[in-house]
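Enquirer: Top line first, the protein sequences correspond to chains A and B.
Heads up, the first sequence is in this note's numbering, so the first residue is 257 and it goes up one at a time.
Heads up, the second sequence is in this note's numbering, so the first residue is 26 and it goes up one at a time.
We treat Cβ as the ideally placed atom computed from N, Cα and C, and that holds for glycine.
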Amino acid sequence: MLFLSFWLLGIVLIVLQTTLMQSLPLWLGRPDFLFILVTFIAYRFAWVPGIVLVFTLGWVMDVLVGLYLGFYPLMCLFTFAALKFLTNKSPIKESTYQIPLVGLSYFLVQIILYCVYSLALPEELPEWSWGITLQRTALQVAAAIPLILLCSSLYDFLLKHRLRTKPARRRPRKPM
Amino acid sequence: MRKKTKAIQGRSIYGTIRILILVVILGIVGLLLLASMLGGRFGTPHQLTLDFIGPMQSAVTRSLSGIVSLKDDYIALWNVRAENKRLQALVDKYLKELGEYREGYSTNLHLEELLAFKDKLSFQPLAARVVGKEPAYWYQTIVVDRGRKDDVMEGMIVLAPSGVVGQIIHTADHYSKVLLANAPSSAIDAMIQKNRTRGILKGAGEHGYVLEYVLKNADVEEGDYIVTAGIGGVFPAGIPLGRVSKIHQKKRGMFQEIEVQPSVDFQKLEFVFIDPTDRRKILDSANLSPGR
């Protein structure tokens, strides 16, 4: 249920990102909702469901917008794995750090992507601008605040719901 | 001890399965990624994914365009409303201006007519503006803005381009009162223009005039012009008075009664001309009394 709900949420976010957000004025910016969801999945989900979620959602995004197929899911998986390693059994996993970490990871991914592009496709390398990268990062952080809150609420709600529906295990009474 | 060993064994099996699943998933993911990246072909999985997401995108885009269209229509409606208000204000302004221009044009025509009349007259008339009216049946007077200071005297006749207006009856320094020709107390020597048949034109108030003392056998028809006869010395001959509007043939008596429609619209008088000839003096010198 948890997995399916977040998968559906991911699909909705992808659809919104590729439709609604594109029709908004340019000055409002276009945050990457999927990236934020990937970071959330890295914080809360285990490895196996996390990889499946991130890969499938990355796949869908790749199919919809990717120019070189496979690049986007790889980037999502890389972000997921890096955050998972970083936050595993670490205080960084706490909610206080979650939002700044979204910004930091997004910023680093932009730099890494630029490096990868410069190596793999130097002819298609866009002009690097620290200003634009920082601006996009700031927008990503701003968009992450409500989205992470929404995801956290949904996650907690579904978790409580699952705990309620599971029958409690009773220990057999010891004979007096 | 056995239970503990069993639990440890269970955990290790569960852990092994998890690792196996992870490995399998990673393998599948890796394979798919490799297939995607190295193949570079938009294969069946990609097509299926696109077919799955496409309708959702289409639905959202359509809804969005519907909302945007609604918003645009709403904003357009606001703009239309504002434009309508602006245009309405313009129409009001132009209508007002048009009214002023019409009035100006009408005044111009009227003044041109007056000027032409003034030029036509044998005497040098004194133009006067009608400043007050008393159109009550018994009085039928108007006040003009010329008085003794302008050499206006009682007994002078007042004309308009279309005909006789009346006669000055009272004068002040700057204003004078004119008895209209259609006043019940007014009587003018008149004649039917076409055959010079004479009669007395009496004022009938709002009904205009009544031409009296015209013989029954006189040739008179509706539409005939009535002009001043010039007898009595007050009005010169040939000034229009009106047109025959109705003829009453009385059973008894010698005369017929003729209703005359005044040529002057007394309700619309704005400017009049005063003949400055001192007719009373002329009459006095000729030992004639006024013909009114």
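Taking B:I78 as part of the alpha helix (DSSP H), name the residues at either end of that continuous run.
Expert: Start at 1 with the first residue of the second sequence, and residue 78 of chain B comes out as number 53. 69 to 145 is the extent of the alpha helix (DSSP H) around B:I78.
Enquirer: Against chain B, with Cβ distances strictly below 9 Å, would A:S279 count as a contact?
Expert: The count along the first sequence starts at 1 and reaches residue 279 of chain A at position 23. Yes, its Cβ sits closer than 9 Å to a Cβ of chain B.
Enquirer: Output yes or no for whether 9 Å exceeds the beta carbon distance between B:S88 and A:P329.
Expert: The residue given as residue 88 of chain B occupies position 63 in the second sequence. The residue given as residue 329 of chain A occupies position 73 in the first sequence. Cβ atoms of B:S88 and A:P329: not closer than 9 Å.
Enquirer: Identify which residue in B:D117, B:V259, B:Y130, B:P287 has its Cα closest to the Cα of B:P186.
Expert: As a working mapping, residue 186 of chain B is identified with position 161 in the second sequence. The candidate whose alpha carbon is nearest that of B:P186 is B:P287.
Enquirer: If you measure beta-carbon to beta-carbon, which residues of the region 313 to 345 of chain A are closer than 8 Å to chain B?
Expert: From the region 313 to 345 of chain A, only W315, V316, D318, V319, L320, Y324, L325, G326, F327, P329, L330, L333 have a Cβ closer than 8 Å to chain B.
Enquirer: Identify the contact partners of B:S61 in chain A, using a Cβ-Cβ distance below 7 Å as the criterion.
Expert: As a working note, residue 61 of chain B is residue 36 in the second sequence. Correct list: L325, G326.
Enquirer: Under 8 Å, with one C-beta from each stretch per pair, do the region 220 to 233 of chain B and the region 197 to 207 of chain B reach the 3-pair mark?
Expert: Segments in contact, yes.
Enquirer: Could you list the residues in the region 286 to 316 of chain A with a C-beta less than 7 Å from some C-beta on chain B, going in chain order?
Expert: Correct list: W303, V304, I307, V308, F311, W315, V316.
Enquirer: In the DSSP assignment, what residue or residues form a beta bridge with B:R154?
Expert: Taking the second sequence and counting its residues from 1, the one referred to as residue 154 of chain B is at position 129. B:R154 pairs with B:F296.
Enquirer: When DSSP labels each residue in this structure, what does B:S187 get in the three-state scheme?
Expert: Counting from one through the second sequence, the residue named residue 187 of chain B turns up at place 162. In the structure shown, B:S187 sits in coil (DSSP, three-state: anything other than H, G, I, E or B).
Enquirer: Could you check whether B:T166 and B:K202 sit closer than 9 Å to each other, using their CB atoms as the reference points?
Expert: As a first step, residue 202 of chain B is located in the second sequence; it is residue number 177 there, counting from the start. As a first step, residue 166 of chain B is located in the second sequence; it is residue number 141 there, counting from the start. Result yes, Cβ atoms of B:K202 and B:T166 sit closer than 9 Å.
Enquirer: How long is the line joining the alpha carbons of A:G326 and B:D97, rounded to whole angstroms?
Expert: Indexing the first sequence from 1 puts residue 326 of chain A at position 70. Indexing the second sequence from 1 puts residue 97 of chain B at position 72. Near 40 Å, if we compare the C-alpha coordinates of B:D97 and A:G326.
Enquirer: Note down, in chain order, each residue of its chain lying with its Cβ closer than 8 Å to the Cβ of A:I270, except the 5 sequence neighbours on either side.
Expert: One-based indexing of the first sequence puts residue 270 of chain A at position 14. Answer for A:I270: F289, L290, L313, V316, M317, L320, listed in chain order.
Enquirer: Can you grab the Cα-Cα spacing for the pair B:R171 / B:V155, in whole Å?
Expert: Position 146 of the second sequence, counting from 1, holds the residue named residue 171 of chain B. Position 130 of the second sequence, counting from 1, holds the residue named residue 155 of chain B. The straight-line gap from Cα to Cα measures roughly 9 Å.
Enquirer: Does the separation of the CB atoms of B:D244 and B:K219 fall below 9 Å?
Expert: Residue 244 of chain B sits at position 219 when you count from the first residue of the second sequence. Residue 219 of chain B sits at position 194 when you count from the first residue of the second sequence. Yes, the pair counts as a contact, with Cβ atoms nearer than the cut-off.
Enquirer: Using the Cβ count rule (16 or more neighbours within 10 Å means buried), how would you classify B:L45?
Expert: Counting from one through the second sequence, the residue named residue 45 of chain B turns up at place 20. Classification of B:L45: exposed, given that the 10 Å Cβ count is below 16.
Enquirer: Give me the Cα-Cα distance between B:L115 and A:W384, rounded to the nearest whole angstrom.
Expert: For the purposes of this step, residue 115 of chain B is taken as residue 90 along the second sequence, with counting starting at 1. For the purposes of this step, residue 384 of chain A is taken as residue 128 along the first sequence, with counting starting at 1. Each residue's Cα considered, the two are about 55 Å apart.
Enquirer: Taking only runs of the alpha helix (DSSP H) that begin and end inside the region 297 to 372 of chain A, which ones reach a length of at least 4 residues, in chain order?
Expert: Those alpha helix (DSSP H) runs which fall completely within the region 297 to 372 of chain A and span 4+ residues are 303 to 321, 327 to 343.
Enquirer: Would you mind working out which of A:S261, A:I292, A:L276 sits nearest A:V397, comparing C-alpha positions?
Expert: Working through the first sequence from its first residue, we reach residue 397 of chain A at position 141. The shortest C-alpha separation from A:V397 is found at A:I292.
Enquirer: If you measure beta-carbon to beta-carbon, which residues of the region 260 to 277 of chain A are closer than 9 Å to chain B?
Expert: Answer in chain order: I267, V268, I270, V271, L272, T274, T275, L276.
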